[in-house]
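Chains as they are written, first to last, in full-length UniProt numbering: chain A, 1 to 439; chain B, 1 to 183.
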Amino acid sequence: MSRDLIQKLKQLKHGSAKPRAEWLKSNREILLSQIRNTTVDLGVKQSTYHINNIWTGLAIFFPKPLVYNVMRPMAVLLIVTMVATSGWITTVDAAYNTLPGDWLYSAKRVAEKTQVTVASVVGAKTTETKLHSEFAKRRASEAKQIVKGTDPKKNEKVTQVVNDLKQEIKNVNANLEEIKSDGVSASVIKDVKQDAEQIKNVLQEVKTDLLAAVATSSTDSMANDAMAKQVSEAKDMVKDASVKAVEVMVAKHLEGDTSVSVAELKQEISTTLATMATESDATKLTIDATQAVVDAAKVEAKEATKAPAVNTSTKELSDKISAMADTTKEAVVKSDEAKVVTDQKITEGQDLLAKGEFSGAVDKIKEATVAASAVEKINDEAMAKVQTVLPVASVVKEVAPILATASTTPIQVIVSTSTATATPKVQVQVIVTTTVNKK
Amino acid sequence: MVLGNWNEKLLLFRLQTKRDPDAFAALYDLYSERIYRFVFFKVGGQADAEDIVSESFLKTWNYINSHRDEEVKSFSGLLYRIARNCIVDYYRQKNSTNQTSGELSDDLGDGGKWYEELRDQVDGRQIIQAIKKLKQEYQEVITLRYVDELRMEEIAEITGKGKIAVRVTLHRALKKLKEIVEL
């Protein structure tokens, strides 16, 4: 009887209790259009991946408490253990080259944080310091890749990684300070110093690329300038960290730490001073090259104004370039003055080093760093101003090495302007026709 | 049935994480008829049933999107619960006393004409009239289980009871229905 009753109950769903087919269809369309409007209003990206979706997905199939209170903590513990024992090579490799916005980037950052946490928990200060230094290198590399790329959100991403880089350097500095006062080997500091040099070079490239980036609007120019300043700040921090590393090395040596020999210490300080001297010369060359290009452009522009049917915009451009030439000239003068101070400090440092006065040499390195940063700032500001009128940054890269040779013949720089439109476009080309005077 | 459950869970996952309209459409295709029947037996009119069903689906979509951190065990359970609430609101609006007295409206569908299309017309009418004599709680579990063919977990979620309580209620409801039919 029950079975019969149940069967009859089941039959009730046929007949008028069944909905109209046309209503089902039209209602479906109406509902879909309503909900699609909802997702548009919210600006929801329907293909966004978030690492938390893994747990959301598991919570569909398993009880939520099991997922969040058991499975996720177990997964985190497993990750920590494997990362700490360097066993998770595949995943780390897969995430290694990711950039902000890539879905594995967050996994990369989580793995980094986990590594630092593990090192911190077990009290491995040297490991922790090396990790922060390594991660700072990665951020620099990421910044370089992003700037070279065509991501529309480039500005935000560069800002993000540069800020992260600065944080890593702060951590390095903090750790170096701790290493100074506790019984930790100074050999790790050599590694940090080497990393700092690499990071500095990468950041210099990033800065140059930012300045050279084609700016199609004043907004882009301002954004690039702002980012270049951020990168400059980061570079200064890295320089300071490098100097601090040398300082700690000297302090440890004076305490009797034998992990770095006297010869190695002398070599480190000597290398630092030599690098600073090279960088000082390179900075001078850059501003000189900028001046050379701007002066050549000024001459070209003035010639263009002498043409019979010159228009107002050409004349305005010529005036702007003339103004830039004056600005650059002033920048060169200031830069030369500051360079004199830098070079003097470097020389004094080398003298003190020769006498075995390591602490004194480090102090001179610090003073030279301050002076060199001032020179760099003057140059960057001048370059940024010129770049708004003449796209010289990429050209200067070609001209600067040539100026470094013993050539006394001026380089020919061709500046071509297109006056076809109301706003003349300026392009700068370098045609090198130097001959070296052989003495 | 197991595959169907996984399918629903996957669609629900897409709904929660990506707000995927296609997933919602697929769930609509799965449950629209059942919800319609559920509502139809309760409100007794085609137009009202259609309105309430539309409203229920839309409210379910809005609920899932505004409660993304909350656990939703099953889409169908949630949908039925919302549909039930919509029916309560419907009766409140109509100031009907039928709901509180535990009786269904006499107007089942098109004034009861629909059952005439059934092959076993007398039995169909008998069953429906017998169901009407049951208390509301029994009516619900009977129709959800045997007319809409829901699983125990889904009925439990809709009624807000435990699975064991649902089984017990269903057993008693069927027993009562049998008594009424045999009278």
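Think of the CB as a built atom: it goes at the ideal place given N, C-alpha and C, for glycine as much as any other residue.
What are the boundary residues of the alpha helix (DSSP H) that residue i is part of?
{"i": "D295 of chain A", "result": "V262 to T305"}
{"i": "K144 of chain A", "result": "K125 to K148"}
{"i": "H171 of chain B", "result": "K163 to E182"}
{"i": "Y138 of chain B", "result": "Q136 to I142"}
{"i": "R34 of chain B", "result": "P21 to V43"}
{"i": "M383 of chain A", "result": "F358 to Q387"}
{"i": "V192 of chain A", "result": "S187 to A212"}
{"i": "D164 of chain A", "result": "K154 to S181"}
{"i": "G349 of chain A", "result": "T312 to A354"}
{"i": "F62 of chain A", "result": "Run containing F62 of chain A: none; DSSP gives neither H nor E here."}
{"i": "S76 of chain B", "result": "F75 to K94"}
{"i": "K59 of chain B", "result": "Q46 to S66"}
{"i": "T159 of chain B", "result": "M152 to T159"}
{"i": "K8 of chain A", "result": "S2 to Q11"}
Throw me the rounded Cβ distance for the residue i and residue j pair, which I believe falls under 8 Å.
{"i": "I127 of chain B", "j": "L9 of chain A", "result": "6 Å"}
{"i": "A119 of chain A", "j": "E128 of chain A", "result": "4 Å"}
{"i": "L211 of chain A", "j": "M324 of chain A", "result": "With a Cβ gap of about 14 Å, L211 of chain A and M324 of chain A do not count as contacting."}
{"i": "A25 of chain B", "j": "R28 of chain A", "result": "7 Å"}
{"i": "E154 of chain B", "j": "Y80 of chain B", "result": "7 Å"}
{"i": "S133 of chain A", "j": "D195 of chain A", "result": "4 Å"}
{"i": "residue 465 of chain A", "j": "L353 of chain A", "result": "Residue 465 of chain A lies beyond the range of chain A shown here (1 to 439); nothing can be said about it."}
{"i": "V18 of chain A", "j": "E33 of chain B", "result": "According to the sequence shown, residue 18 of chain A is Lys rather than Val. With 8 Å as the limit, K18 of chain A and E33 of chain B qualify as a contact, their Cβ atoms being about 7 Å apart."}
{"i": "K207 of chain A", "j": "A228 of chain A", "result": "5 Å"}
{"i": "E268 of chain A", "j": "K320 of chain A", "result": "At roughly 47 Å, the Cβ-Cβ gap does not stay under 8 Å, so E268 of chain A and K320 of chain A are not in contact."}
Considering only the alpha carbon of each residue, which of the options lies closest to residue i?
{"i": "V293 of chain A", "options": "A:V392, A:V238, A:A354 and A:P100", "result": "A:V392"}
{"i": "F135 of chain A", "options": "A:K125, A:R28 and A:V116", "result": "A:V116"}
{"i": "D84 of chain B", "options": "B:E8, B:A165, B:V53 and B:L30", "result": "The sequence shown places Arg at residue 84 of chain B, rather than the Asp named in the question. It is B:V53 whose Cα lies nearest to the Cα of R84 of chain B."}
{"i": "A234 of chain A", "options": "A:V162, A:E22, A:P63 and A:S318", "result": "A:V162"}
{"i": "K18 of chain B", "options": "B:E154, B:K73, B:W61 and B:I131", "result": "B:W61"}
{"i": "D20 of chain B", "options": "B:D48, B:E50, B:A49 and B:N65", "result": "B:N65"}
{"i": "residue 184 of chain B", "options": "B:L78, B:V72, B:K73 and B:V43", "result": "Because chain B here runs from 1 to 183, residue 184 of chain B falls outside it and cannot be looked at."}
{"i": "S187 of chain A", "options": "A:T278, A:V250, A:D151 and A:I169", "result": "A:V250"}
{"i": "S100 of chain A", "options": "A:R138, A:K252, A:E22 and A:L5", "result": "Sequence inspection shows Pro at residue 100 of chain A; the Ser mentioned does not correspond to that position. The option with the nearest alpha carbon to P100 of chain A is A:R138."}
{"i": "V246 of chain A", "options": "A:V395, A:K366, A:K125 and A:A174", "result": "A:K366"}
{"i": "V168 of chain B", "options": "B:V72, B:R81, B:K73 and B:M152", "result": "B:M152"}
{"i": "V333 of chain A", "options": "A:E178, A:E268 and A:L285", "result": "A:L285"}
{"i": "I82 of chain B", "options": "B:L58, B:I142 and B:H67", "result": "B:L58"}
{"i": "residue 450 of chain A", "options": "A:T328, A:Q167, A:G356 and A:V362", "result": "Chain A is shown only over 1 to 439; residue 450 of chain A falls outside these bounds and no answer can be derived."}
{"i": "D76 of chain B", "options": "B:N7, B:G162 and B:K178", "result": "This sequence places Ser at residue 76 of chain B; Asp is not what is there. Of B:N7, B:G162 and B:K178, the residue nearest in Cα terms is B:N7."}
{"i": "N175 of chain A", "options": "A:N224, A:A289, A:V248 and A:S270", "result": "A:V248"}
{"i": "E330 of chain A", "options": "A:Q350, A:K190, A:S373 and A:K385", "result": "A:K385"}
{"i": "I189 of chain A", "options": "A:K108, A:K320, A:T126 and A:T159", "result": "A:T126"}
{"i": "S181 of chain A", "options": "A:T56, A:L317, A:S318 and A:E255", "result": "A:E255"}
{"i": "V243 of chain A", "options": "A:Q387, A:T114, A:G360 and A:V70", "result": "A:G360"}
{"i": "A23 of chain B", "options": "A:R20, A:T312, A:L31 and A:A21", "result": "A:L31"}
{"i": "N145 of chain A", "options": "A:M222, A:I179, A:E205 and A:K229", "result": "Looking at the sequence provided, one finds Gln at residue 145 of chain A rather than Asn. Per the Cα distances, A:E205."}
{"i": "Q291 of chain A", "options": "A:Q160, A:Q387, A:N224 and A:L203", "result": "A:Q387"}
{"i": "S74 of chain B", "options": "B:Y91, B:K133, B:G45 and B:F13", "result": "B:F13"}
{"i": "L178 of chain B", "options": "A:L5, A:A59 and A:T159", "result": "The amino acid occupying residue 178 of chain B in the given sequence is Lys; Leu does not appear at that position. Of A:L5, A:A59 and A:T159, the residue nearest in Cα terms is A:L5."}
{"i": "D89 of chain B", "options": "B:V43, B:H67, B:I158 and B:Q136", "result": "B:V43"}
{"i": "Y91 of chain B", "options": "B:I131, B:K135 and B:G45", "result": "B:G45"}
Considering only heavy atoms of the ligand ATP, does any lie closer than 7 Å to the CB of residue i?
{"i": "A49 of chain B", "result": "Looking at this structure, you won't find the ligand ATP or any other ligand, since it has none at all."}
_Members of the UniProt domain "DUF5667" (98-207) of chain A that neighbour chain B once the beta carbon cut-off is set at 7 Å_ = none
*Are at least three pairs of beta-carbons, each pair with one atom in the segment 371-389 of chain A and one in the segment 298-306 of chain A, less than 8 Å apart?*
no
*Report yes or no: do three or more beta-carbon pairs, one from the segment 342-352 of chain A and one from the segment 273-285 of chain A, lie closer than 8 Å?*
yes
*Is the segment 30-40 of chain B touching the segment 140-154 of chain B, taking contact as three or more C-beta pairs under 8 Å?*
yes
*asked:* Pairs of beta-carbons, one from the segment 238-254 of chain A and one from the segment 195-207 of chain A, closer than 8 Å: are there three or more?
replied: yes
*Could you run through the segment 26-40 of chain A and flag, in chain order, every residue whose CB is less than 8 Å away from some CB of chain B?*
N27, R28, I30, L31, L32, Q34, I35, R36, T38 and T39
*Taking three-plus beta-carbon pairs below 8 Å as touching, is the segment 253-264 of chain A in contact with the segment 148-166 of chain A?*
no
*the segment 158-174 of chain B: which residues have C-beta closer than 9 Å to a C-beta of chain A, in chain order?*
L174
_For the segment 55-71 of chain A, list every residue whose C-beta sits within 7 Å of some C-beta in chain B, in sequence order._
T56, G57, A59, I60, F61 and K64
*Mind checking the segment 15-44 of chain B against chain A and listing, in chain order, the residues whose C-beta falls within less than 8 Å of any C-beta there?*
Q16, T17, K18, R19, D20, P21, F24, A25, Y28, D29, S32, E33, Y36, R37, F40 and F41
*Taking three-plus beta-carbon pairs below 8 Å as touching, is the segment 279-288 of chain A in contact with the segment 327-343 of chain A?*
yes
*Below 8 Å, can you find three or more Cβ-Cβ pairs linking the segment 134-141 of chain B to the segment 158-177 of chain B?*
yes
*Can you give me, in chain order, the residues of the segment 237-261 of chain A that have a beta carbon less than 7 Å from any beta carbon in chain B?*
none
*the segment 135-155 of chain B: positions lying closer than 9 Å to chain A by Cβ*: I142, T143, R145, Y146, V147, D148 and E149
_Beta carbons nearer than 8 Å to chain B: which residues of the segment 302-322 of chain A have them?_
none
*Can you list, in chain order, the residues of the segment 45-57 of chain B whose Cβ is nearer than 8 Å to any Cβ on chain A?*
Q46, A49, E50, V53, S54 and F57
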